[in-house]
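Colleague: All residue numbers for the sequence shown refer to my numbering, where the first residue is 5 and numbers rise by one. All residues carry an ideal CB built from backbone N, CA and C; glycine is no exception. Every value quoted in this text rests on a predicted model; they were computed, and no experiment measured them. Mind looking over this structure? Questions follow.
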Amino acid sequence: NKYPGMKFSIYEPNKEILYHYLSKYNLKELPISNLQMIFSCTDENSLRYEIQRLIQCVGNNILIAPLPVYEKMYKNEVSIIMESIKELLKDKKSSLIVDASFQKRWTINSIKNFPYVLKTANILQDVDKNAFREKPVILVAAGPSLSDEIENLRYIKEKGLAYIFSVGSAINALVEHDIYPDATCTYDPKERNQNVIKKVKDKNISNIPLIFGSSVGFETLNDYPGPMLHMITNQDTVSPTLLGASGNIKIVNDAPSIAVVTFQLLNLLGFSQIILVGQNLGFRDNQRFAEGINYSHIPNKLSIKEMQNALIVKDTEGNNIKTSEMYN
Numbered sequence: 005n006k007y008p009g010m011k012f013s014i015y016e017p018n019k020e021i022l023y024h025y026l027s028k029y030n031l032k033e034l035p036i037s038n039l040q041m042i043f044s045c046t047d048e049n050s051l052r053y054e055i056q057r058l059i060q061c062v063g064n065n066i067l068i069a070p071l072p073v074y075e076k077m078y079k080n081e082v083s084i085i086m087e088s089i090k091e092l093l094k095d096k097k098s099s100l101i102v103d104a105s106f107q108k109r110w111t112i113n114s115i116k117n118f119p120y121v122l123k124t125a126n127i128l129q130d131v132d133k134n135a136f137r138e139k140p141v142i143l144v145a146a147g148p149s150l151s152d153e154i155e156n157l158r159y160i161k162e163k164g165l166a167y168i169f170s171v172g173s174a175i176n177a178l179v180e181h182d183i184y185p186d187a188t189c190t191y192d193p194k195e196r197n198q199n200v201i202k203k204v205k206d207k208n209i210s211n212i213p214l215i216f217g218s219s220v221g222f223e224t225l226n227d228y229p230g231p232m233l234h235m236i237t238n239q240d241t242v243s244p245t246l247l248g249a250s251g252n253i254k255i256v257n258d259a260p261s262i263a264v265v266t267f268q269l270l271n272l273l274g275f276s277q278i279i280l281v282g283q284n285l286g287f288r289d290n291q292r293f294a295e296g297i298n299y300s301h302i303p304n305k306l307s308i309k310e311m312q313n314a315l316i317v318k319d320t321e322g323n324n325i326k327t328s329e330m331y332n
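Below, the structure written as structure tokens:
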């Protein structure tokens with residue numbers, strides 16, 4: 005009665021105890037209108053999933069009150085709960101910071117990009133998906149391991165064995181090796197995103213379609229020499245309103261990386277198999293990018309401080325590799 009508006013949830017790791025509790029006590033004896041969740045599981049994946057659902061329900065303010073005896077009996081489960089909540093709240097904070105920093109930029113980009121939206125096809129609505137359905141596609145990112153796959157990609161392109169969609173900076177490495185993907189995708193709202201396709205513009209390459217998110221940095225689209233298609237992002241509130249069909253437009257959700265956004269897109273297009281190349285999510289040999297990708301604003305090699313602060317994780321072959329908090 006001290007906190008009549010307080011929402012609460014019940015976690016009981018022992019299903020037998022939960023069964024006897026529910027058999028003996030009527031939940032109506034509790035402030036049932038404030039009860040949000042009851043769950044019982046012990047394996048890590050299920051527990052993390054339930055905690056994620058809980059955070060979505062309650063927001064940022066949450067108090068964990070384990071019974072002292074349970075802290076000893078279910079030490080591992082309590083540890084997973086605490087760790088999961090910490091990670092989820094940290095991710096939520098990062099997302100809010102990104103939203104706050106890009107809010108104005110998203111709106112400006114969406115307004116300035118609207119003429120391009122009007123005169124280009126929506127990849128999700130105006131293109132025949134039968135061209136992609138039940139076909140394989142390679143999603144090429146810019147990680148260091150892309151260098152290992154260049155000749156394989158050349159062979160696949162020459163033989164027409166799969167579609168090749170590049171994301172972000174990967175286009176520079178491919179063009180450097182005279183491999184032109186079937187499309188390149190971009191969505192970053194920042195002004196410097198234009199540097200990603202600078203090589204395509206400088207070489208006046210006119211046969212690589214650019215699929216752009218409608219809230220992409222507007223400078224990216226200026227003077228692009230090839231064909232363009234668009235996808236409406238959930239950060240663009242301008243285009244759906246001006247098009248007058250907000251409920252009927254298919255939206256691609258914003259994500260921390262263009263690879264994730266493009267993965268969504270490829271799923272929606274109906275590809276049968278999505279193969280990832282260059283998606284290291286880490287710094288192999290202390291390199292950020294594959295060979296052939298160079299920027300003035302960010303060196304390819306990690307600085308000494310970045311090496312010292314990097315996290316160490318296992319790569320797909322079981323070897324140690326440096327990564328960042330963002331990638332991890």
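How is the alpha helix (DSSP H) around Ala263 delimited, first residue to last?
Modeller: Numbered from 1 along the sequence shown, position 259 holds the residue referred to as residue 263. Note, Ala263: alpha helix (DSSP H), 262-273.
Colleague: Taking the beta carbon of Ala135 as the centre, do at least 16 other beta carbons fall within 10 Å, making it buried, or is it exposed?
Modeller: Position 131 of the sequence shown holds residue 135. So Ala135 ends up on the exposed side.
Colleague: In three-state DSSP terms, what is Glu90?
Modeller: One-based indexing of the sequence shown puts residue 90 at position 86. Note on residue identity: the sequence assigns Lys, not Glu, to residue 90. Here Lys90 sits in helix by DSSP.
Colleague: Can you look up Met10 in the DSSP assignment and give me helix, strand or coil?
Modeller: The sequence position of residue 10 within the sequence shown is 6, counting from 1. It is coil, neither helix nor strand.
Colleague: Where DSSP assigns a beta bridge to Ala187, which residues make up the other side?
Modeller: Within the sequence shown, numbered from 1, the residue matching residue 187 stands at position 183. Looking at the DSSP assignment, Ala187 forms a beta bridge with Phe169.
Colleague: Can you find the residues in the same chain that come closer than 6 angstroms, C-beta to C-beta, to Ser170, ignoring five residues on each side of it along the sequence?
Modeller: The sequence position of residue 170 within the sequence shown is 166, counting from 1. Val144, Leu178, Pro185, Thr188, listed in sequence order.
Colleague: Given Ser219, which residues of its chain have a CB within under 6 angstroms of its CB, disregarding the five upstream and five downstream residues?
Modeller: Mapped onto the sequence shown, residue 219 falls at position 215. Closer than 6 angstroms at Cβ, skipping near neighbours: Trp110, Asn113, Ser114, Pro193, Thr237, Gln239, Asp240.
Colleague: Is Leu280 closer than 9 angstroms to Ile368 when the C-beta atoms are compared?
Modeller: Residue 368 is absent from the model: the chain starts at 5 and stops at 332.
Colleague: Please report the residue range of the alpha helix (DSSP H) in which Leu24 lies.
Modeller: Taking the sequence shown and counting its residues from 1, the one referred to as residue 24 is at position 20. Residue identity differs from the one stated: residue 24 is His in this sequence, not Leu. Segment 19-28, the alpha helix (DSSP H) holding His24.
Colleague: Considering Cα atoms alone, identify which of Ile308, Lys309, Phe287, Glu310 is closest to Val317.
Modeller: Taking the sequence shown and counting its residues from 1, the one referred to as residue 317 is at position 313. Here the closest residue by C-alpha is Phe287.
Colleague: Whole-angstrom Cβ separation of Ala146 and Gly282, contact assumed at under 8 angstroms?
Modeller: In the sequence shown, counting from the first residue as 1, residue 146 sits at position 142. In the sequence shown, counting from the first residue as 1, residue 282 sits at position 278. The C-beta distance from Ala146 to Gly282 rounds to 6 angstroms, short enough to fall under 8 angstroms.
Colleague: Going along the chain, which unbroken runs of the beta strand (DSSP E) with 3 or more residues stay wholly within the region 134-170?
Modeller: With a minimum length of 3 residues, the unbroken runs of beta strand (DSSP E) contained wholly in the region 134-170 fall at 140-144.
Colleague: Taking C-beta to C-beta, are Tyr7 and Glu54 nearer than 9 angstroms?
Modeller: Here the question's residue 7 lines up with position 3 in the sequence shown. Here the question's residue 54 lines up with position 50 in the sequence shown. Taking 9 angstroms as the Cβ cut-off, Tyr7 and Glu54 do not qualify as a contacting pair.
Colleague: To the nearest angstrom, report how far apart Ala259 and Ser27 are at their CA atoms.
Modeller: For the purposes of this step, residue 259 is identified with residue 255 of the sequence shown, where counting begins at 1. For the purposes of this step, residue 27 is identified with residue 23 of the sequence shown, where counting begins at 1. For Ala259 and Ser27, the distance between alpha carbons rounds to 45 angstroms.
Colleague: List the endpoints of the continuous beta strand (DSSP E) containing Lys318.
Modeller: Numbered from its first residue, the sequence shown carries residue 318 at position 314. Note, Lys318: beta strand (DSSP E), 315-318.
Colleague: For Glu20, tell me which candidate among Thr46, Phe12, Lys11, Asn38 has the shortest Cα-Cα distance.
Modeller: Here residue 20 corresponds to residue number 16 of the sequence shown, with the count starting at 1. Of the listed residues, the one whose Cα sits closest to Glu20 is Thr46.
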